[in-house]
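S.K.: Just so you know, numbering that gives the first Met the number 0 puts 129 at position 130 of the sequence shown, and the rest follows in order with no gaps.
All C-beta atoms in this analysis are idealised placements derived from N, C-alpha and C, irrespective of residue type, glycine included.
For reference, the structure I am asking about is given below.
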Amino acid sequence: MVDATLAEVGRNLSDAMSFLGDGERELEAGSERRSFSGAIIPGPLQGDGQDAATILHLIHNLMHEEEEEEEEEDPPSQHRRRDVGQLGHMTLLGHSLAAYMSVLDRERLRTLTTRILSDTTLWLCRLFRYENGSACFHEDDRDGLVKVCRLAIHTHFEEYASEGYGVLGSKQPVVYHSASGRPGLGQHLCSQLGLPLSSLCAAPCNTVFGSQHQMDVALLDKLIREDIEAGRLPLLLIANAGTPGAGHTDKLARLKDLCEQYNIWLHVEGVNLATLVAGQVTSAILAATRCDSMTLTPGPWLGLPAVAAVTLYRHENPALSLAAGLTSSQPVAKLRALPLWLSLQYLGHNGIVQKVTHAAALSHQLLQKLKTVASIKTSVEDGLGSPVVLFKFSQEICSASDGASVERYCAGEMEVFDAFNRWLAERLIQLLPTSGVDVVELEDEGVCVRFSPLLTAAGLGTQQEDVEDLVRKLSELTVTMSATLSIRQDFREEAHRHAPSLVYIEDLSWPGLGALRYEPETDGSDESRRKQEVKKVNAELLKKLHDLDTDIVFSTGPEFGTQEDGIFVGMVTEDVDVSALVETIAAFGRDIEENGRLLENMTEVVRKGILEAELQLQKANEEKLLEEGVMRQLPLVGSVLNWFSPFQSSIKGRTFHLAAGSLDSTEVTYSTKAQPGRPSLQDMPSTLSKRPPGQRLFQRSGAGTGSIVQAEETAREGGILPSAPLPEEDSQSDAAPEQSSGVPPEVGAGMGSERRQLEGQEAEHSGR
């Protein structure tokens, strides 16, 4: 019979997780949601307590408010979502039960925690083939290393417990770690133990033979002998069964023999330790069972939220283990193992093995599929069965497959391909969030895409179908990257042909076709004014390029880039007409520059035009007075006289042409019913206006064989609507004068109102 309180704890947790995990659930009262908006701002504590339902509503909004705002801008598929599931509920139940058990009487709590701790230790030692081991559970996965290092100090310095750090002055302890190890781990160890940074020694990795991420055992042996001769004490060696970046495993068997020779504590960590639970284990990983201690992180390996990390170790003196903090006399501290104790029982031995083998199978599947993808180079640990797969867009394979001349990228080519691979990883993360890929930067390989399902598959639910989608999308993206890389030089040459109006920007870190800047003509007298003009013109140019109906992405460049006021062109396809693209950018820049000059001179032109118009009106009034006589100017007499004897005035109207800055007669306008045509500054460049129907913007003529109907369907699927010039009819010659003017619409509207005002004044005088 289950305790009523335990059953209630389970029900309450299930209800709370069901409510909080439902991101689409709406509150019953809309006002409640609005009352919690902006709840991240701290507020006063309520005088009267709130019920559990209200608090859950608050937590729900805090969890999903920012997520809902992001989904308004990006599709939900672009966010990695983790379903807690029944296994996660069991783990979280362990945290609730740990809090509940802490209020039991001391003797019952001691008996209960001893059973939980011994069971969990026994299960983990058998799962990971670590015989006669003890376990330490800790929240920070680095704390286990700190405690075993303190244990090693207690072992080598017997007076350390009483004398403290004073005994370390006779022989300075040295901690060895791999140059490919976890960044900052050694510094954290020294800061927690109070050791100087000079106690750290980075063992170099192989540079000629073997993996580039494995410690060189021969050089390590030499370093240890040098430290012993210098009067130092070799204390501890941190080895890797799966380096943080590449997932490679050190030569653990040889390292263990070396540590036994010099009486050094060997500690191992890494993701590859998870494969110890599988039925078949490689000898390189199996050698980790001989080490003095190892740190395990079952949380990400098994998809368990908020479970403690575990450090398994062997030591015969319980007193020293207690002094080092590896064991605790407090029963409450032993409850850290409770969530893992529940989760391991829920999964069972077969469930644990299935999760690890499933992740390893995903890595093997991706590795086999990548061999068929052109332009992709894989980097794996040959013969050691690492579940981490590294791949990247490769220069050598690209040059051999598509025949492109990439030798011209020798200068800075590493930076170029790093930018391309970083873009590739970001696109894969955005398009396929359940794949679990991420980007890593290694010293020798550069930027690579990493697939480590042992760290992500259990939490994200990655399946074989996700790997298939990953390979399919990767094949599409590599085609685009190869095409972009092959025509980058053509883009540079086209930009140089349009100099000095276009300036090519050399930015090797930009993952795209390239970048350029439009330079308007200036007198060069004021540098700050010139920079402002360049910034203004290029900003307007970028807006016009964004309005184009094309799938090419134009931007201002990297967020933290060094180049400013430039037009950065993204990835393109192989059928892009680079000359048409550059010519369009140059033409738009010239239009913006000419319009800017027109607007700059508008104030002076309008002022002069108004003064001239006033003089013309005054002169017209004087001529009208002489021509009509004084009698017709009198209000009453003039009306009667005009009625008996109508008078036809010979004075014509005037129109003000803003672009020319002159007053013209309206006689031509009223006789031909149209203004003289002038070239428009907003006309589309000829390369775009003359493209055939169904052809995308900047696509070479003849590229992409197929019918026009197929091209139109493809364009519609890609969100591109092809536009063709409409035939002109003869009746369009009677269009309004503003349609043929080269003046912007808002300027033309002002001209029309001014002309109507002038004509109205003339009509008033003629009516008199």
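1) Just to confirm before moving on: does the CB-CB distance between valine 533 and aspartate 506 stay below 8 Å?
2) Taking the Cβ atom as the reference point for each residue, do serine 177 and alanine 151 lie within a distance shorter than 8 Å?
3) Determine, using beta-carbon pairs with one atom in the segment 111-127 and one in the segment 319-338, whether at least three such pairs fall under 8 Å.
4) Starting from tyrosine 175, follow its DSSP beta bridges and name the residues at the other end.
5) Let's test the definition: count the other Cβ atoms within 10 Å of the Cβ of arginine 496 and tell me whether it reaches 16, buried, or not, exposed.
6) Express the C-alpha separation of aspartate 104 and leucine 111 in angstroms, rounding to a whole number.
7) If you check the beta carbons only, do phenylalanine 697 and leucine 541 fall under 8 Å apart?
8) Among the residues of its own chain, which have a CB less than 7 Å from the CB of arginine 141, if the five just before and after it don't count?
9) For the beta strand (DSSP E) that contains glycine 652, what are its first and last residues?
10) Please go through the same chain and pick out, in chain order, the residues whose beta-carbon is closer than 7 Å to the beta-carbon of glutamine 191, but skip the five residues on each side of it.
11) Spell out a yes or no on whether the segment 354-371 and the segment 130-137 are touching, meaning 3 or more CB-CB pairs, one atom from each, closer than 8 Å.
12) Taking the beta strand (DSSP E) that phenylalanine 450 falls in, what are its first and last residues?
13) Based on the DSSP output, what are the partners of glutamate 268 in its beta bridges?
14) Among Ile375, Arg181, Gly193, Val575, which one has its Cα closest to the Cα of glutamine 171?
15) Cα separation between glutamine 531 and histidine 545?
16) Around the Cβ of phenylalanine 136, are there at least 16 other Cβ atoms within 10 angstroms (buried) or fewer (exposed)?
17) Consult DSSP for leucine 325 and reduce its assignment to one of helix, strand or coil.
18) Could you confirm whether any beta carbon from chain C is found closer than 8 Å to the beta carbon of lysine 146?
19) If you draw a straight line from the alpha carbon of leucine 126 to that of leucine 389, how long is it in whole angstroms?
20) For alanine 457, does the three-state DSSP call read helix, strand or coil?
21) What three-state label does DSSP hand serine 508 in the structure shown?
22) Are the segment 349-364 and the segment 291-305 touching by the rule of at least three beta carbon pairs closer than 8 Å?
23) Check tyrosine 129 in the structure and name its three-state DSSP category.
24) According to DSSP, simplified to helix, strand and coil, what is aspartate 401?
25) Whole angstroms is fine: what's the gap from leucine 821's alpha carbon to arginine 289's?
26) Among Ala424, Trp340, Val568, Leu236, which has the Cα closest to the Cα of tyrosine 261?
27) Classify asparagine 316: buried if its beta carbon has 16 or more other beta carbons within 10 angstroms, exposed otherwise.
28) Identify whether histidine 137 lies in helix, strand or coil by the three-state DSSP scheme.
29) Do the segment 614-624 and the segment 580-596 make contact, defined as three or more Cβ pairs closer than 8 Å?
30) Are the segment 565-572 and the segment 468-488 touching, with three or more C-beta to C-beta distances below 8 Å?
31) Among the residues of its own chain, which have a CB less than 8 Å from the CB of alanine 305, if the five just before and after it don't count?
32) Check each candidate in Ile504, Glu493, Glu526 and name the one with the smallest Cα separation from glutamate 577.
33) So leucine 251 and valine 173 are in contact, right, with Cβ under 8 Å, and what is the actual spacing, rounded?
34) In this structure, what does DSSP give as the bridge partners for threonine 310?
35) Considering Cα atoms alone, identify which of Ile551, Ser13, Leu295, Ala134 is closest to leucine 453.
36) Pairing CB atoms from the segment 434-447 with CB atoms from the segment 412-422, are three or more of them under 8 Å?
M.R.: This is what the structure holds:
1) no
2) no
3) yes
4) Cys200, Leu236.
5) exposed
6) For leucine 111 and aspartate 104, the distance between alpha carbons rounds to 11 Å.
7) no
8) Leu184, His187
9) Note, glycine 652: premise wrong, no beta strand (DSSP E); not H, not E.
10) Val145
11) no
12) It spans 445-450 - the beta strand (DSSP E) in which phenylalanine 450 sits, taken as one unbroken run.
13) Glutamate 268 is bridged to Asn239, Thr294.
14) Gly193
15) 21 Å
16) buried
17) coil
18) Within the model displayed, chain C is absent; a lone protein chain is all it includes.
19) 28 Å
20) helix
21) coil
22) yes
23) coil
24) Note on aspartate 401: pLDDT 43, under 50, position unreliable in the model; the coordinate value appears next. If DSSP states are grouped into helix, strand and coil, aspartate 401 belongs with the helices.
25) Nothing can be reported for residue 821: it is not among the residues displayed for the chain, which extend from 0 to 767.
26) Leu236
27) exposed
28) Histidine 137 carries a strand assignment under DSSP once its states are collapsed to helix, strand and coil.
29) Counting Cβ pairs under 8 Å, fewer than three are found: no touch.
30) yes
31) Thr90, Leu91, His94, Gly298, Pro338
32) Looking at the sequence shown, residue 577 is not glutamate but valine. Ranking the options by Cα distance to valine 577, first place goes to Glu493.
33) Contact flag wrong, Cβ pair sits at about 20 Å.
34) Cys135, Thr294
35) Leu295
36) yes
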